[in-house]
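Residue numbers (my numbering), protein chains in the order written: chain A, 2 to 535; chain B, 5 to 346.
Before any comments, here is the structure.
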Amino acid sequence: MSGKISIRQLRVRFPGQPRAAVDGIDLDISAGQMHALVGESGSGKSLTALSILRLLPPSAHVSADNITLDDKDISRWSEAQMRQLRGGRIGMIFQEPLSALNPLHKVEKQICESILVHQHLSASDARKRCLELLEKVQLPNPEEMLARYPHQLSGGQRQRVMIAMALANNPSLLIADEPTTALDVTVQENILDLLKHLQREMNLAILFITHDLGIVARYAEVVSVMSEGKVVEQGETAAVLEHPQHSYTQHLINSAPGGEAPPMESAAPTLLHTKDLTVSFVQRHGWLGRKSAFTAVDGVSLNVPAGQTLGIVGESGSGKSTLAMAVLRLVQSQGEISLNDTRLDKLVGNNVRPYRAKMQVVFQDPWGTLNPRMTVGQIIGEGLEVHRKDLSADERTQKVIAVLTEVGLDANARHRYPHEFSGGQRQRVAIARAVILEPQLLILDEPTSALDRSVQHQVLELLANLQKRHGLSYIFISHDLRVVRSLSHYLLVMHDGKVVEQGPTETVFKTPQQPYTQRLIHAAFDETVKSQQA
Amino acid sequence: MTFSNPVTQRQWNAFRGNKRGYWSLWLFSILFVLSLSAEFVSNDKPLLMSYQDELYYPIFVSYPETQFGGMFETEATYRDPYVRELIEADGWMLWPIIPYSYNTINYELDVPAPAPPSADNWLGTDDQGRDVLARIIYGFRLSVLFGLLLTIASSVIGIFVGAIQGYYGGWIDLGGQRFLEIWSSMPILFLIIILTSFVSPNFWWLLGIMLLFSWMSLVDLVRAEFLRCRNFDYVRAARALGVSPPLIMFRHMLPNAMVATLTFMPFILNSGIVTLTSLDFLGFGLPPGSPSLGELLGQGKANLQAPWLGISAFFSLATLLTLLIFIGEAVRDAFDPRKYLS
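Encoded structure:
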């Protein structure tokens with residue numbers, strides 16, 4: 002039961018697609034080793050992992066010379082044998098723990114289910130095993146945890162429960178599909194440390210799928226770089242990352258965000274200013290029940306200098322996005338908001354509309370941000386219809402073409418629909434929709450978080466260029482400190498709706514004052530290598 | 005058919021892919037178009053006639069009997085053997101395939117009414133000597149038109165109310181929901197029966213009364229869809245652009261809700277037709293003498309010795325409802341993203 006798995010010439014093809022999604026890859030994972038599979042979205046990483054367990058949709062054509070687990074070829078096993086394997090010898094952890102856990106079952110039931118399917122244990126033994134597992138994944142108060150539902154756990158705790166489930170039957174191989182992508186940086190580090198610890202303790206083989214080269218460098222012993230369904234480079238992590246041979250690997254490494262924002266003169270006038278901005282949501286319990294207020298943003302005062310960038314960082318739930326919505330007057334808030342000395346918070350109803358052209362927003366999800374039923378031209382031109390009624394249809398088209406060229410898209414793109422574009426291109430369309438109104442302030446709410454590294458890099462470059470050319474001010478919201486650092490002049494750290502620390506970006510990064518900021522920065526920039534060479 | 009929007013195109017292709025639904029749509033359209041031109045298919049007036057080398061169009065123009073040498077100033081009854089002789093003596097008449105209208109009484113029956121199917125009355129006559137086939141054709145038209153009007157009107161109201169509730173949420177939504185709950189708990193059929201006893205019901209009265217209750221079926225769907233769309237990024241982006249609420253609802257949110265709505269429409273149409281038929285069957289529906297499938301069913305029940313009444317009404321009603329259900333299923337599948345995206 003050493004748990005050595007090797008894959009030869011795995012191919013996955015979907016009907017109606019010209020190119021194979023996974024195109025003849027070879028992988029070897031040995032016990033006690035973390036093998037990282039890196040690549041951008043659509044490179045076939047997850048398909049590879051799922052085809053080991055034969056969990057692909059039925060429309061996929063999978064073929065392989067062989068897939069061996071301990072020298073037994075599992076690629077020709079029956080469905081019943083595969084079921085024994087899944088959750089038994091091979092465990093799997095998914096990216097989004099909330100959707101991978103059944104919301105109606107308590108933690109105990111989630112874990113015990115898998116134990117009872119694979120092992121003949123009595124209910125009380127299963128419960129004992131359950132507790133053991135929860136201790137193993139370092140959850141505090143395991144007894145109490147057993148009785149909780151998934152929604153009562155934090156993201157990190159849920160992922161620990163997922164890991165406990167995957168470990169329930171002493172697997173020899175653990176497949177982790179982006180297990181930390183949905184988590185905050187500080188939590189991410191704890192989970193990765195735990196996985197590493199378990200790998201050593203249980204002599205596990207781990208297939209670790211990620212797009213984050215930083216994680217690979219610190220945790221994985223072996224790395225395979227995938228691009229367009231092929232493994233382009235494979236080898237020991239340190240060797241591959243330090244001396245990448247293939248151009249694609251080099252490209253991936255070079256596009257990691259980094260650097261600092263270009264310097265600006267500090268005496269810029271203030272464009273946007275808020276004082277004691279507070280957003281709270283009233284929750285009422287029943288018709289006549291008591292009311293309770295949840296304060297999402299708590300007395301935030303900030304200044305955005307003209308032509309410069311204010312970066313806002315914080316973990317999920319810290320109120321960053323709500324703050325942005327409040328500034329845009331899309332949620333109710335208390336406190337002062339002034340743009341160019343106009344008190345926006347005093348305006349009501351249609352009086353806000355003229356100011357909307359001066360503040361625009363770009364959202365995170367490139368798939369949700371464009372109406373799938375409108376052409377790109379209609380999407381970008383919509384703002385002009387509202388704010389520039391003086392323009393004729395022809396002049397409007399001219400402006401749309403000009404802005405498309407500016408964000409690096411073809412003028413003919415205006416006739417096409419959003420689904421024909423990639424994530425990066427859609428984000429460019431969203432930026433075009435925002436800048437066509439020539440705003441003074443652009444709020445960027447995690448604009449690059451859903452994009453692949455190399456695309457992220459291009460979008461950040463575009464943003465920096467637009468700022469330089471038009472003197473735009475940005476509020477840049479992100480949880481990724483490296484990205485924020487590369488663009489922001491000022492930094493504001495939020496935690497639980499409050500501002501923890503603010504100041505010029507480099508000052509905050511070099512000499513963080515607050516323990517919370519220190520923790521964040523440590524988690525993001527820590528480069529200690531925790532893998533051991535096998 | 006080609007559409008500029010690729011999403012619509014894919015949905016249309018998916019609809020065509022469902023053979024049963026596609027052919028049902030064709031068959032239904034042919035039947036509906038035929039029934040729309042019922043006056044040309046089944047009528048007690050000639051389509052075209054010539055008298056003393058002049059052409060006459062009795063379907064469009066009402067000619068007095070005196071014009072053809074008769075004695076009454078009223079409109080000529082062309083089926084009358086006397087009038088027929090007068091005209092055919094000096095001209096000819098081109099009759100529709102079925103020379104009876106829905107209210108034409110066949111006085112030339114050899115047997116007491118209801119008469120069984122014969123070469124003259126293909127599906128027999130009802131107990132007042134009227135041609136069953138003619139009544140089915142006109143009844144089909146009336147039922148479908150009633151159903152369509154009811155569907156369109158209740159969709160417009162339902163979408164409007166659902167959109168307002170979903171977009172604004174809060175108290176408007178709460179109030180609306182409570183009202184809907186009360187309104188929908190009323191015993192609809194009884195209320196309609198009571199209401200129709202106050203007024204003498206005609207087509208429009210019935211439509212209005214049924215509309216009072218049928219608009220609710222779409223509200224929940226549209227409201228849920230709007231509540232979901234409210235937080236879409238592209239809706240928020242449109243709000244940030246300063247687009248006005250009516251335009252946001254119409255342009256960005258309604259297309260999403262239309263999927264659920266269109267899916268539901270054939271079924272609303274069906275239930276509208278069924279309600280009208282059951283009212284007619286019970287005798288609380290359209291005024292006496294109107295062509296109606298429900299009334300024919302009622303006659304079938306009253307005249308069990310004349311099975312062609314019940315069987316004809318049953319088959320035409322079953323065909324109509326089945327075709328609509330097949331179309332509805334195909335539409336539902338076509339709008340299911342899991343189907344048209346794969």
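For glycine and all other residues, C-beta sits at the position ideal for the given N, C-alpha and C.
- The C-alpha of B:Gln13 lies about 29 Å from the C-alpha of B:Leu40.
- Within the stretch 241-258 of chain B, Ala241, Ala242, Arg243, Ala244, Leu245, Gly246, Val247, Ser248, Leu251, Arg255 and His256 place their CB atoms closer than 9 Å to a CB of chain A, listed in sequence order.
- The three-state secondary structure of A:Met227, taken from DSSP, is strand.
- Only exposed fits A:Lys469, as fewer than 16 other CB atoms lie within 10 angstroms of its CB.
- A:Thr279 is positioned such that its CB atom lies no closer than 8 Å to that of A:Ser339.
- The C-beta of B:Phe236 comes closer than 8 Å to at least one C-beta of chain A.
- Remark: C-beta atoms of A:Ile75 and A:Thr49 do not approach each other more closely than 8 Å.
- For A:Gln361, a Cβ of chain B is located within less than 8 Å of the residue's own Cβ.
- Boundaries of the alpha helix (DSSP H) around A:Leu214: Leu214 to Tyr220.
- Burial is judged here by how many other beta carbons sit within 10 angstroms of a residue's own beta carbon; A:Ala148 has fewer than 16 and is exposed.
- Under a criterion of Cβ atoms nearer than 7 Å, the residues of chain B adjacent to A:Val387 are, in order, Leu245, Gly246 and Val247.
- Going by beta carbons, A:Leu184 and A:Gln160 fall inside the 8 Å limit.
- Between A:Ile476 and A:Val233, the C-beta gap is not smaller than 8 Å, which leaves the two residues out of contact.
- Taking CB atoms only, A:Asp366 has a neighbour in chain B less than 8 Å away.
- Taking 7 Å as the Cβ-Cβ cut-off, the stretch 210-227 of chain A has no residue approaching chain B.
- Contact with chain B is found for A:Asn372, since one of that chain's Cβ atoms lies less than 8 Å from the residue's Cβ.
- Annotation: the continuous beta strand (DSSP E) that includes A:Asp29 extends over Val23 to Ile30.
- Under the 10 Å beta carbon count, B:Ile176 is surrounded by fewer than 16 other beta carbons and is classified as exposed.
- At least one CB atom of chain B sits nearer than 8 Å to the CB of A:Glu383.
- Per DSSP, the continuous beta strand (DSSP E) segment holding A:Val39 begins and ends at Met35 to Val39.
- Between A:Ser52 and A:Leu11, the C-beta spacing is below 8 Å.
- Relative to B:Ala119, the option among B:Leu152, B:Gly304, B:Phe271 and B:Thr155 whose CA is nearest is B:Gly304.
- B:Leu290 sits buried, since 16 or more C-beta atoms from the chains shown fall within 10 Å of its C-beta.
- Taking 7 Å as the cut-off between beta carbons, the residues of the stretch 326-341 of chain A near chain B are Leu329 and Leu331, in sequence order.
- The count of Cβ pairs closer than 8 Å, one atom from the stretch 233-251 of chain B and one from the stretch 180-199 of chain B, stays below three, leaving the stretches out of contact.
- Distance from the Cα of A:Ser281 is smallest, within the candidate group A:Leu253, A:Ile176, A:Ala167 and A:Ala327, for A:Ala327.
- By the beta-carbon neighbour count (other beta carbons within 10 angstroms, threshold 16), B:Phe44 is exposed.
- In this structure, the beta-carbon distance from A:His490 to A:Thr506 falls below 8 Å.
- Boundaries of the beta strand (DSSP E) harbouring A:Ile68: Asn67 to Leu70, taken from the DSSP string.
- Contacts between A:Gly369 and chain B, judged by CB atoms closer than 7 Å, involve Phe236, Asp237 and Tyr238 in chain order.
- In this chain, the alpha helix (DSSP H) harbouring A:Ala81 covers Glu80 to Leu86.
- In the three-state scheme derived from DSSP, where H, G and I count as helix and E and B as strand, A:His121 is classed as coil.
- Contact of A:Arg9 with chain B is not assigned, every C-beta pair being separated by 8 Å or more.
- Put simply, the backbone Cα of B:Tyr171 is about 21 Å away from that of A:Ser322.
- When DSSP states are grouped into helix, strand and coil, A:Thr211 belongs to the strand group.
- In the three-state DSSP reduction, A:Glu136 falls in the helix class (H, G or I).
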